[in-house]
Every structure is written in structure tokens, then in C-alpha cells.
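Residue numbers (our numbering), protein chains in the order written: chain A, 1 to 430; chain B, 431 to 860. Backbone N, C-alpha and C fix where the C-beta goes; we use that ideal spot for every residue, glycine too. If you're wondering where the values come from, they're calculated on a predicted model, not measured in any experiment. Some notes on the structure that comes next.
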């Protein structure tokens, strides 16, 4: 049995649609998923451009949604009952979405929710694991990795099982595909910032370090925080799909907590800025949040932050690009005692800061990959809530630009790399 | 009027006791404090060794306790009523301890509790402000800076005003002097780690990111955390006085939260390791904490962390040294998805990490100076609780090695720099 797959060839910029064998179960924990849709992601471009040191021809893509067509022998058996729920409950025919990396779901790393760093973890669409831009994909450790849309009792949520089932009726595959990477990564960025100890005074309205403890007795020597002190100032550097998701998640978190804000979204590419503006307009019309939200180029943003904060800088900066100049900009824009959250994928260059710069600004950095599987419950709730943004295709406020067939694979990679199109989804069966 | 002061002369290693004018009020917000005791701190050694690029002769020292002998015209007047409490309530004769930097107490930075980065901030014992190793010291912005031990109603606490007054009866000046820098800095390090979002799963016993939200409905796909997952593994790099205070604060925080722990204290100097062991023995005998605490050299510590965690690494690492090799060791010892808290004072070298190293380990770094004045209420409570450690002088578990007069100043700097003595306090009147 053969299938069509989008394959990368070394050294760079060489994308071909080829006929390759349909993957088979290799391990009793495997599942084979028939892919209904697969997306192209900004981080696919590291390999595409030949920057990742990869030499092996392989199937691309780490964002996919589909249907289980085959399961290994470890599924549905009594010995699966102590394992993550899906080892017992996953069935052929179930509709599933996968995070961009494999995780076993049962080691200490996974139990703690750090699923993006599971020692069994493999990245789809890399030399170590064939990707999802194909008609079929093999999912190792599927009982820990997959998210089963056919059985809402297998994930926790702020919604009841009935509410989840009701919500699922209206959710398209293209919308649910946002769970594979970009939406959980955006939520990850926002959550780290909102929960950072250096951000706590603004969120709680109580000064550091009293924001962590039950109220103490006595008046203290402090002057109370005024309304301006409680305004969270945020810069989001990079307005690709993940940056927009980070903004959506941040706006949602601030609305829930009733924290007033000033947010600047920053990107040198005008098309991305326009997308972000359209998304924000949609959210504001839905009545979310109390604050100011602007979208600017880099130099305009420097001036705006200077103007907003009198030169002090932002409480927190989300870095959603993944290069040295974005990190340097984040340092410049963050306040003394602020937090930089970096979810960009970084390369081999040293961090562009001295120890003294870090000490003198009391700066914090959070780096790293989203533990996507662990983020799914929160990301799902946000996906349902924000169907005005995630539900559409090709509209001004849609994150998805177009759905194409595999004959457009090479051209789609080229155009995406050049910034000529936004998020592209492949339909392997069209 | 002249006084004795310990003065630094360029280029390095040149400490002299000189007769200099008694400082006078220069600004209506100033206070003049008669110093009863002043301490020598590890960070004084940056200037002492000539590493700080300083050329100006100046009075040393940023840790002092004393009595107010003169106040500027802004004190006790009606216009002081909207300002930090002490602008109205501070009186000549009050017993006060100062943090190591000045802070106004009323700008936005101070209101948020980031007092170590007040734009009016000056470091005592630096070219910009004469230090406290003298008979008298001028304290700018004293109403925001000082902590008034004579009026416990002017600071908040977990204790009532009566309990604070009762506690103060037993507290010596040498013990209270620990508030100036080392104790709040240690508490700062521990608090940042305990409250870091990446540490939250271990502290709360709930996986990331569900540790931040109210419990969601449904079982989820997760396997529950086991007892071992909930053990906090900590490395403390550097066991000088601040490192020991960080350990004390960490042990206290974990005992309050009933979090089981494995902590390794690390220092290449045997005398420091022995001090840390004696302090821990004292704390354990007082019944604090449930866990394992070992004190080791660097190579032994690497093996111990490997052994404890199966190569995974520590949940959090406190870096209390302030150089590149300590930061590199912190990176090596921290787990993927762990938090490095650095309170060491760093120099001009670049951070010793690439972006890829940071991304691939999902590591977080918190840098910077303790906002000492903001930390005083929590540090005071811990000072009272741990008089078994902070109350003594020259005993095995005492942080203070000796109290000497100014004739021993030059020799004390030399011996402290060589690691031949622990914390030294100067009595300017002996």
C-alpha cells in the first residue's frame, strides 16, 4: 500500500510530493492515523531553509488531525487500565488531533505536565519521525500523545461533558487543527507571563513580595498601588500565527482577571500586522477586555513603549520569533524587574546579554517549547470561545489563509517562506 | 566635626581608616544615622579587588544599623502625611536598619515593591553614596529607605504589634543587621523559586498548566502525580552568608507548605560547607522540614543530583555566587522545564548559553538585585523565628564570625577576601 506525502530533500528549499509506503504499526503502543488535514507551520521553515543541519529525506509536518485506522496490541486490554486513559479507551474510527511532539503520558516528566520534554518525545516531521503532511501517519505512544475528540470524557475542561459535546458539533477540522501547535503555544506564552512572580504585583494589585502571602498585619511603610500601577503593559514580538494566538490568550486571561492592559503587538511585516488588527477588532466587538491594544512596526513600538511607560518599559514581553535580534528587542522593551517569555525556537548563537545587563535590569527569561499535550484542555476551551477567529478560513480575522491540495505543496512552502501567505492547510485527499 | 570611617582607595586592596567630616543633611528628605554596627559583605569585594571600574575614594559598606540623630525638614510635617509612613513618623532617637540601597518608597517602582530598582536608588558604599562603615552615615530618602525598629506599627508582619515588640526585646543589633542585605536577599532567592510557574506542579501537586486554574471537570488523560513527583529537588550554588540565608528561607517555605524536598548545598570551600551543615543541624533539631539536605563540593554535587534524579536534574537551582562558571553549573544541574534563580552580582561577561541550549532545556532564569526594603517584613519574621542561627556570634551555626573595631578593618578585608573568615561586623565606637 502506498500513499502521497510531502517530503523534504536536502540540502534546502526542495519539497516534493512522493509516493511512499503507508506506515504500519511498529510497536504495541503505536496508532496509525488517516490524516484529514495537515498544516504548514513557521518552525517547518528551519528545516526547509537548510538551517537545522538535517540531511535525511523525510515527510514534513507536525500539525495534523485525522481518524484512527489501526491500533497496536497494547490498546483496550486490561493491562492498559493503569495507563493514560486513551490506552484503554482509544478506538479505530476515533477523530483525533495530535500535538507536534510525541509524549508517553506516563513518565515523571509527563505526569508533571512537562509533556514537550518527555524523554520518549519525538518531533513529527523531523529526521527522527515521519511527519503528518501525508495521507497516513504513525503516532508512537498514541495513548499518551493523542487528544480524542470522539470521547470528551477523556479530557478535563471548564465545560461539562455535555457542553464539550455540544461545542464539538460546530468545530471544523481546520479549526481543531489549531490545537496541534499554534494555539497551545500561544496559551503557553501568555500563561507563563501571567503567572510569573515578577508580574504578580500588577496582577494581584499588591506589592512584591506581599503578593505571594496572605495579608500581613499592620499598615506597612508602603504607599498603596494606584490605578496606573495596576495596568499590565505587554509587548508581543512577532505576529505570526503563534504570536496572534498569544495575544488572543493574553486578552482572554486579562479579561477573566479584570486586569486593565496596554498591549503592543510588533511585527515588521505589514500583512501580519493587518491580521492582528483584524483579530483584535473581532475580539473587542465581542466585548472582551479593558485596555489599549496597538499593532506597530519595531521602531514605532519602541516609541510607544517609551511614551506609555515614561521609559520604564513593559511588565512582560512575549518573544514569538526565535532569533537574537528579537531577544535583544525584548530586553530593550522590558522594564527593570520584568519578565521576558520566549517561545521562539532558537539556534546556535549565544544569548545576546551580559550577566551585568541581566543583573542590572533584574530581568527574567522563560525559554522553551510548549508542552502542547498538557495545554490541550485549556487551549480547547479557548478554541471554543474564540470561534469568531478560529472558525473561519480566508477572512480578514481568520488565522487560516487557505486550504490547498498536495499539488500546491512546493509553491505553498515557497510563498509561506517569503511571507506572501499566512497559515496554509493541506488536504491530502483533494 | 570629624568621624572615623573605613575608606577604599584605588586601584585595589587598599583599605584605610581615616578621619572625615561627619555627614550633614543635604536634602529635606535626608536623615543622619549614628552607626552602631556595620558589616562587611561579599559584594564589597568587587570594589575592593578593583574589578568594578571604580576610581573614587569613598567610605565602604552597605550594611548598617544605628540611631537617627538628625532629620531633614520634610519630616513630621503635615505635607508628609500622604508619603511613606516614616516621613511623618520617624523621630530623632529611633533605632533603624537600612537596606543596602536607597529607595524613595513612593514612585511607581517602589509602590510595586521593586524597591531595589528605584530610579532614585543609590548603593551605599559606592562612588555615588558614602557607605555605612563609619560612625555616621547620611541616608537619602530616609522615609522610604529605613526600617524603624522603634515603631513596629510602621511595618506589616504576620505578627501583631505586641508580638513584634515582644520579639524586638530579644533581638541584638548584630542579629538585626542581617536585615540589611543577606537575609532579604536569601529570602528573595527562595521566594522567586517557590513561586515560579515552572516549579508550581511540584508545589501544588497538580500538573502543568492545571496547577494555575481551578480544578477542571473530567478525569483528563493524565496519570496522577506520585509521591516522588512531588519532591522538590533544589541545588544552592554558593554557601556564603547569602547562600546560607537562601537555604534557611527555602527550608522555612517548604516546611510551611509541607513540601518534601531534596536539597544540595554546593561550595568548593570547606569552611563554608561546615557552616551550612551546622546551620542545617540546628534547624533540623528545631523540627523543621521533611527531606534530605546534603552539603557537597561541586563534583560530589553533580553525582548526587544525577543519583537523586536519574539524570533529570533539579526542579530549581539558586545561584548565589555571581560568575559565569556558577551560571554554567546551574544550567547543568537544573532539569528540563526547571527554574534557575540567580541573585549573584554578575560582571561584563556574556551569559554562557546559546539560545538553542535554553530552548532545548525549557529553562527559566531570574536575575537581579534583591528589593531589600520590600522584603523586610518577611525577612523580619524569619529573623525572629530563626534566632537559633541569627542570634549568635562565633558559634558553629552563627552567620556572624566576629565583631571587631576599626583598627582591624584592613586585615578583616584581607582575611575575608581570602576566605579565612566568615561574616565580620565592625563596631565604629569600640
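Cutoff 8 Å: residue i Cβ touching any chain B Cβ
i                      : result
residue 181 of chain A : no
residue 363 of chain A : yes
residue 359 of chain A : yes
residue 366 of chain A : yes
residue 155 of chain A : yes
residue 192 of chain A : yes
residue 132 of chain A : no
residue 383 of chain A : no
residue 348 of chain A : yes
residue 218 of chain A : yes
residue 161 of chain A : yes
Between the CA atoms of residue j and residue i - distance to the nearest angstrom
i                      : j                      : result
residue 182 of chain A : residue 374 of chain A : 14 Å
residue 439 of chain B : residue 594 of chain B : 41 Å
residue 196 of chain A : residue 406 of chain A : 43 Å
residue 107 of chain A : residue 672 of chain B : 36 Å
residue 644 of chain B : residue 808 of chain B : 28 Å
residue 418 of chain A : residue 395 of chain A : 21 Å
residue 58 of chain A  : residue 177 of chain A : 22 Å
residue 734 of chain B : residue 786 of chain B : 26 Å
residue 699 of chain B : residue 726 of chain B : 10 Å
residue 259 of chain A : residue 843 of chain B : 50 Å
residue 865 of chain B : residue 675 of chain B : Since the first and last residues shown for chain B are 431 and 860, residue 865 of chain B lies out of range.
residue 341 of chain A : residue 544 of chain B : 19 Å
residue 553 of chain B : residue 468 of chain B : 15 Å
Identity of the residues DSSP links to residue i by a beta bridge
i                      : result
residue 148 of chain A : A/96
residue 101 of chain A : A/123
residue 376 of chain A : Residue 376 of chain A is not bridged to any residue.
residue 547 of chain B : According to DSSP, which records beta bridges pairwise, residue 547 of chain B is partnered with nothing at all.
residue 501 of chain B : B/461
residue 432 of chain B : B/451
residue 39 of chain A  : A/63 and A/425
Within-8 Å CB hit, residue i to chain A
i                      : result
residue 518 of chain B : no
residue 706 of chain B : no
residue 596 of chain B : no
residue 874 of chain B : Because residue 874 of chain B is not part of the residues shown, which for chain B are 431 to 860, the question remains open.
residue 515 of chain B : yes
residue 375 of chain B : Outside the modelled stretch of chain B, which goes from 431 to 860, sits residue 375 of chain B, for which no answer is possible.
residue 676 of chain B : no
residue 476 of chain B : no
residue 736 of chain B : no
residue 651 of chain B : yes
residue 494 of chain B : no
residue 431 of chain B : no
residue 631 of chain B : yes
Of the residues the options, the one placed nearest residue i, counting alpha carbons only
i                      : options                       : result
residue 30 of chain A  : A/42, A/99 and A/143          : A/143
residue 801 of chain B : A/282, A/78 and A/210         : A/210
residue 294 of chain A : A/287, A/286 and A/278        : A/278
residue 433 of chain A : A/99, A/77 and A/101          : With chain A running from 1 to 430 in the structure shown, residue 433 of chain A is simply not present.
residue 851 of chain B : B/860, B/858, B/830 and B/859 : B/830
residue 677 of chain B : B/685, B/661, B/695 and B/689 : B/695
residue 252 of chain A : A/202, A/361 and A/382        : A/382
residue 169 of chain A : A/179, A/150 and A/157        : A/150
residue 343 of chain A : A/43, A/337, A/18 and A/35    : A/43
residue 566 of chain B : B/494, B/575, B/587 and B/603 : B/494
residue 530 of chain B : B/840, B/859 and B/799        : B/799
residue 384 of chain A : A/120, A/175 and A/307        : A/175
residue 433 of chain B : B/588, B/739, B/568 and B/592 : B/568
residue 935 of chain B : B/463, B/586, B/491 and B/589 : Lying before the first or after the last residue shown, residue 935 of chain B is absent from chain B, which here runs from 431 to 860.
residue 834 of chain B : B/857, B/792 and B/462        : B/857
Beta-carbon separation (whole angstroms), residue i vs residue j, contact threshold 8 Å
i                      : j                      : result
residue 722 of chain B : residue 692 of chain B : 5 Å
residue 624 of chain B : residue 750 of chain B : Not a contact, Cβ separation roughly 15 Å.
residue 555 of chain B : residue 546 of chain B : The pair is not a contact, with the Cβ atoms about 15 Å apart (cut-off 8 Å).
residue 823 of chain B : residue 832 of chain B : 7 Å
residue 788 of chain B : residue 346 of chain A : 6 Å
residue 458 of chain B : residue 503 of chain B : 4 Å
residue 655 of chain B : residue 111 of chain A : 5 Å
residue 186 of chain A : residue 249 of chain A : 5 Å
residue 621 of chain B : residue 212 of chain A : 6 Å
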